[in-house]
Amino acid sequence: MKLLFKIFCLLTFVCSLTKAQDTIQSKNTDAILYQPSQNIKGLVVGLGGSEGGNAWASKHWKTVRDQFLDKGYAFLALAYFGSKNSPKLLEKIEIQDVHNAINFSKQKVHTEKVAVIGGSRGADLALLLGSYYPDISCIIGLSGSHAVFPGNTDHFSTSSWTFDGKELPFVPVNEAAVPFMMERKIRKAFEAMLQDKESEQKSLIKVEQIKAPILLMSGTEDEICPSSEMSEKIIQRLKNNHFKYRYEHLPFKGSHSEPYQHFDKVFDFLQKNF
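Below, the structure written as structure tokens:
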């Protein structure tokens, strides 16, 4: 019995090590840092989308989160709006605040390697972080956009993002998009907004400034936004600018959430490029 008890205690101790976590205190964010028991290969930052809150810290994502830990990555689940200490709405989110939280976490786990993985609007934020900060080592965008769009407010008259206190240019909601928004045909609304080519060009995420490998994944039947088409626009922009890092777009037949079914591709990309 004593031997069994010792084995049980040892297993409990090992499990607690693999699930070690810290709360990261940083302005306008809420974040939980999970650390593996083995030597850390780098820090992976998870950013949720327009659902808000800290999606990557939820029970729903525990299995995937644990896979990152099992592979030796520290994992930062980061909320940038819709949580206790972050802004209420996805509107004028300061990119610097998110980067500061990442920096605090880097210091905690003693690594300079940072991969950012984001879904939907979180994918946009991941790309924006890479475009402003050269210390981002790898970017993975799931069902993301190639440009900045309005914040999720009743009036849709402000940008989703700011940098150094200044709103980033965004593609506005035009008259063509209004009927689709009223009918909750969100993809159609996005497509109508993107008819404004001048605003689209002014609002492009400057992906060519990124200094890191990029993996994009999308669903070809995305009901929320034309993420496959927007991802291809990013790829073309990278080609046109002779982007020197690895970049790839993997389209899958399916909806806005389809990329989340293919984390094997994410792990493979990280292993080879991070």
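Per this note's numbering, the very first residue in the sequence shown carries number 1; after that it's consecutive. Ideal Cβ positions, reconstructed from N, Cα and C, are used throughout, including at glycine.
N- and C-terminal bounds of the alpha helix (DSSP H) containing residue i
i, result
"G179", "One point to set straight first is that residue 179 is Pro, not Gly, in the sequence displayed. Looking at the DSSP string, the run of the alpha helix (DSSP H) that includes P179 is V178 to M182."
"L128", "R121 to Y132"
"I234", "S227 to N240"
"L270", "F263 to N273"
"F190", "I186 to M193"
"S199", "K197 to K202"
Among the options, nearest to residue i - alpha-carbon criterion
i, options, result
"G52", "G72, K84 and I24", "K84"
"F50", "K185, L125 and V116", "Reading off the sequence, residue 50 comes out as Ser, not Phe. Selected option, being the one with the closest Cα: L125."
"S231", "A79, E91, L127 and V116", "L127"
"K92", "P169, R237 and S255", "P169"
"K253", "A192, T220 and A176", "T220"
"Q209", "D264, R237 and Y260", "R237"
"K244", "S159, V207, S160 and T111", "V207"
"F185", "V266, C225 and V171", "One detail in the question is off: residue 185 reads as Lys in this sequence, not Phe. Among V266, C225 and V171, the Cα nearest to that of K185 belongs to C225."
"H60", "Y260, K272, F267 and V173", "Y260"
Length of the line joining the Cα atoms of residue i and residue j
i, j, result
"T153", "V64", "31 Å"
"S145", "S58", "24 Å"
"L11", "T162", "Low confidence applies to L11: its pLDDT is 40, below 50, so where it sits in the model is not reliable, and the reading given next is rough at best. Answer to the nearest angstrom: the Cα atoms are 46 Å apart."
"T18", "K239", "Summary for T18: the model assigns pLDDT 44, below 50, so the residue's position carries little reliability; its value from the coordinates is reported in the next sentence. Computed Cα separation, rounded: 40 Å."
"P150", "R246", "30 Å"
"I279", "L215", "Past the boundaries of the shown model lies residue 279; the chain is included only from 1 to 274, so the question cannot be answered."
"D70", "M181", "42 Å"
"K106", "A20", "16 Å"
"I95", "P179", "32 Å"
"A31", "W56", "10 Å"
"F274", "G165", "31 Å"
"P134", "E258", "30 Å"
"L3", "V109", "Unreliable positioning characterises L3 in this predicted model, as indicated by a pLDDT of 45, which lies under 50. A coordinate reading is not provided."
"I234", "L33", "30 Å"
"H242", "S199", "24 Å"
"E183", "S26", "39 Å"
"D196", "Q67", "42 Å"
"R121", "H155", "18 Å"
"A176", "M193", "7 Å"
"F81", "I102", "15 Å"
"Y132", "K265", "26 Å"
"S86", "N54", "10 Å"
"K272", "K62", "24 Å"
"K6", "R187", "At K6, the pLDDT of 42 sits below 50, so the modelled position is not reliable; the number obtained from the coordinates is stated separately. If I take the Cα positions, the gap works out to 57 Å."
"D268", "E248", "12 Å"
"V171", "F104", "33 Å"
"E229", "E191", "10 Å"
"N174", "T111", "45 Å"
C-beta contact flag for residue i and residue j at 8 Å
i, j, result
"V45", "L76", "yes"
"A147", "S227", "no"
"A212", "I136", "yes"
"K113", "G42", "yes"
"A74", "Q35", "yes"
"L142", "A123", "yes"
"E223", "H256", "yes"
"T23", "L78", "no"
"M217", "L270", "no"
"G48", "G130", "no"
"G72", "I40", "yes"
"S157", "L90", "no"
Enclosing beta strand (DSSP E) for residue i [first to last residue]
i, result
"F252", "Y247 to F252"
"S255", "No beta strand (DSSP E) contains S255, which DSSP labels as neither H nor E."
"I139", "C138 to L142"
"G219", "I214 to G219"
"T162", "W161 to F163"
Residue i beta carbon near the ligand NAP (any heavy atom closer than 7 Å)
i, result
"G119", "Ligands in the displayed structure: none, and consequently the ligand NAP is not present."
**Report entry** Continuous beta strand (DSSP E) assignments of at least 3 residues falling wholly in the stretch 10 to 95
**Finding:** 20 to 26, 29 to 35, 42 to 47 and 73 to 79
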